[in-house]
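Peer 1: What follows is a structure written as structure tokens; I'll ask about it next.
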Amino acid sequence: MNILIIRHGEPNYAIDSLTEKGWREAHYLADRLCKMKIDEVYCSPLGRAKDTAKEYLERTGRTAPVLDWLCEFRGKLDVDGETKRIAWDIMPKTWRNRPLLHEKDHWTEDELVQNGNMIEQYQRVVDGLDQFLAEHGYERDGDCYKVVRPNTDTIVFFCHFAIQSVLISRILGLSPVDTLHDFSAYPTSITTLSTEEREKGVAIFRCNGYGDISHLYAVGEEPSPKGRYQEVFEEEKTE
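So the sequence shown is numbered by our numbering: it starts at -17 and just counts up by one.
So this is what it looks like as structure tokens:
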């Protein structure tokens, strides 16, 4: 099985859609996807993800069922006992120096997590993902997957950066705090996870590509910086 996780195009958050550039990115993305063998397509319930999928779906006559657990991840951490911050928006000195946050089996024990709502939000996504994969032939079994119906289907998720980070953390066995903060995926980027079955009946997923935007480079479209903070601190003062 191959899972393609696609982040939406450059967003216009005010109207939950795309900017003019975002629509161009979605067009170039559709050009690429139309050349690929894709078996199933699913989408977040939010407008910016649906709009990113729109041209591809129209050109192929496909539909993309909405999966509520693909909605943008809104888990929050408790920074100082009063301030709740979205899990991907924590200052580096706060999360880098807390060892528990980086352990896949113990990140939930950290005080920042315990006092927020990230655990329940994470579990909601994990439950949805595990059920989806089981229905497609791969049942979660510890940190591996029991292969019930082996297949080479290619499935596409149109969604968001933070939810992508959570999905990756579950599938690859990483702390979501690390995937939320250590990776950055440009708008319309494609991340590919594929099963590998070296032992009969036992599979894992491997990441074959993260944040691929070759469809933009091919036509000279610069990647959007949306989703990244400034590279140099002084840039913040000039914005």
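Cβ atoms here follow ideal geometry from the backbone N, Cα and C, with glycine treated the same way. A quick note: this is a predicted structure, and the numbers were derived from the prediction, not measured.
Val23 bridges to which residues according to DSSP?
Peer 2: Partner(s): Val138.
Peer 1: Three Cβ pairs or more, each shorter than 8 Å: is that satisfied between the region 42 to 58 and the region 131 to 144?
Peer 2: The region 42 to 58, when compared against the region 131 to 144, does touch it at the 8 Å Cβ threshold.
Peer 1: In three-state DSSP terms, what is Ala31?
Peer 2: Residue state, collapsed to three classes: helix.
Peer 1: Going by the beta-carbon positions, is the gap between Lys66 and Ser157 smaller than 7 Å?
Peer 2: Contact: no.
Peer 1: Count the other C-beta atoms from every protein chain shown that fall within 10 angstroms of the C-beta of Lys32, then say buried if there are 16 or more, exposed otherwise.
Peer 2: So Lys32 counts as buried.
Peer 1: For Gly119, is the beta carbon positioned less than 6 Å from some heavy atom of the ligand SAM?
Peer 2: Absence of the ligand SAM from the depicted structure is noted, as is the absence of any ligand whatsoever, leaving it without description.
Peer 1: Starting from Ser147 and walking both ways along the alpha helix (DSSP H), at which residues does that stretch end?
Peer 2: Taken as a continuous stretch (DSSP letters only), the alpha helix (DSSP H) holding Ser147 covers 143 to 154.
Peer 1: Between Ser196 and Ile172, what straight-line distance do the alpha-carbon atoms span, to the nearest angstrom?
Peer 2: About 9 Å.
Peer 1: Looking only at its chain, what residues have a beta carbon closer than 8 Å to the beta carbon of Leu111, apart from the 5 residues adjacent to it on each side?
Peer 2: Hits under 8 Å: Trp51, Leu149, Arg152, Ile153.
Peer 1: With the cut-off set at 7 Å, would you say Val48 and Pro27 are in Cβ contact?
Peer 2: Yes, they are a contact pair.
Peer 1: When you compare each of Gln103, Lys128, Phe139 to Ile(-12) by their alpha carbons, which one comes out closest?
Peer 2: Ile(-12) has its Cα closest to that of Phe139, out of Gln103, Lys128, Phe139.
Peer 1: Would you list the one or two residues that DSSP bridges to Asn190?
Peer 2: Paired residue(s): none; Asn190 is not in a bridge.
Peer 1: Which residues in the same chain have their Cβ closer than 6 Å to the Cβ of Ala69, if we skip the five residues on either side of it in sequence?
Peer 2: Counting only Cβ-Cβ distances below 6 Å, and skipping sequence neighbours, we find Gly57, Leu59, Met100, Leu162.
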